[in-house]
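The structure under discussion appears below in the form of structure tokens.
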Amino acid sequence: MDTTTFSQEINVFHGKIAPEKAILVGYDAVTEALQLQIPFPNKLSLISKKKTELRR
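So in the UniProt record's numbering, spot 43 of the sequence shown is number 43, and the numbers just go up one at a time.
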């Protein structure tokens with residue numbers, strides 16, 4: 001069984017500052033882990049330890 005993990009805890013990601021320390025997940029986490037040279041979306045997908053939802 002492959003247990004590859006793509007998510008990582010971040011404060012800043014390619015110049016974008018996260019509103020708080022959080023785990024980068026989804027498309028951004030996969031492209032970063034595989035070091036793919038493709039454009040990043042406008043929004044980051046993050047999971048926080050706090051129960052908050054931010055949309056910017």
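Backbone N, C-alpha and C define an ideal beta-carbon position, used for all residues, glycine too.
Quick caveat, the model's predicted, so the values are computed rather than measured.
Cβ-based neighbour list, residue i, same chain, cut-off 6 Å, excluding 5 preceding and 5 following
| i | result |
| --- | --- |
| V25 | S7, S45 and I47 |
| A33 | F6 |
| residue 57 | In the structure displayed, the chain extends from 1 to 56; residue 57 sits before or after that span and is not available. |
Classification of residue i by the beta-carbon crowding that lies within 10 angstroms, buried from 16 upward
| i | result |
| --- | --- |
| I17 | exposed |
Nearest-angstrom Cα separation, counted from residue j out to residue i
| i | j | result |
| --- | --- | --- |
| Q37 | T31 | 8 Å |
| N42 | H14 | 12 Å |
| Y27 | K50 | 22 Å |
7 Å CB neighbourhood of residue i in its chain, flanking five on each side removed
| i | result |
| --- | --- |
| I10 | A18, A22 and L24 |
Cut-off 8 Å between Cβ atoms - residues of its own chain near residue i, not counting five sequence neighbours on either side
| i | result |
| --- | --- |
| V12 | A18 |
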